[in-house]
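For reference, the structure discussed in these notes is given below.
Numbering (this note's numbering), first residue to last: 246 to 400.
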């Protein structure tokens with residue numbers, strides 16, 4: 246018996262790595278992941294998106310849900326937190342949907358470290374997952390690069 250709601254489509258494995266440096270300590274950057282209001286400012290400030298729903302339960306085993314309206318449809322993101330080390334690391338698994346269609350499933354590791362004697366925090370993010378439905382990994386990296394304003398390397 247299958248419990249999948251996906252229809253028969255292709256799946257493309259991918260990985261990418263992003264690295265950002267912020268003018269804040271890693272403690273401050275970590276808090277931006279941990280507090281819903283801060284995270285919405287970081288991840289949700291896109292003029293073309295209309296916030297439909299947002300919930301954050303940032304703890305081991307906790308979940309996050311985000312849904313935004315765009316282009317006449319709804320994009321959603323659902324995550325579960327598997328490892329959290331204060332001010333140092335976050336590991337989560339997430340999937341994304343365009344309407345009812347699953348478009349990706351990924352595992353993300355975010356590591357935080359100090360740069361320049363702790364005045365700035367660096368955030369390398371590494372993800373591995375599957376683009377469902379044939380979206381090429383290079384397109385995902387390109388999209389992430391546009392949103393993050395940084396370089397993304399597919400591996």
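In this text, a Cβ means the ideal position worked out from N, Cα and C, and glycines have one as well.
Predicted model only: the values in this text are computed from it and were never measured.
Does the distance from the CB of residue 343 to the CB of residue 320 come in under 8 angstroms? Going by C-beta atoms, residue 343 is nearer than 8 angstroms to residue 320.
Please report the Cβ distance between residue 303 and residue 278, rounded to the nearest whole angstrom; I am assuming they are in contact, meaning their Cβ atoms lie under 8 angstroms. 7 angstroms
Out of curiosity, what's the CA-to-CA distance linking residue 317 and residue 298? 16 angstroms
Helix, strand or coil for residue 347 per DSSP? strand
Neighbourhood of residue 325 by C-beta distance below 6 angstroms, restricted to the same chain and skipping five residues each side: 308 and 338
Which one or two residues does DSSP pair with residue 321 in a beta bridge? 312 and 342.
From the DSSP output, which residues share a beta bridge with residue 296? 313
My assumption, with CB atoms under 8 angstroms, is that residue 305 sits in contact with residue 284. Please give the rounded CB distance. Contact doesn't hold; Cβ gap of about 17 angstroms is too wide.
Need the endpoints of the alpha helix (DSSP H) that residue 272 sits in, please. 271-279
Considering only C-alpha positions, which residue in the set 355, 262 and 346 is nearest to residue 327? 355
Can you pull the DSSP bridge partners for residue 334? 330 and 356
Does DSSP put residue 305 in a helix, in a strand, or in coil? coil
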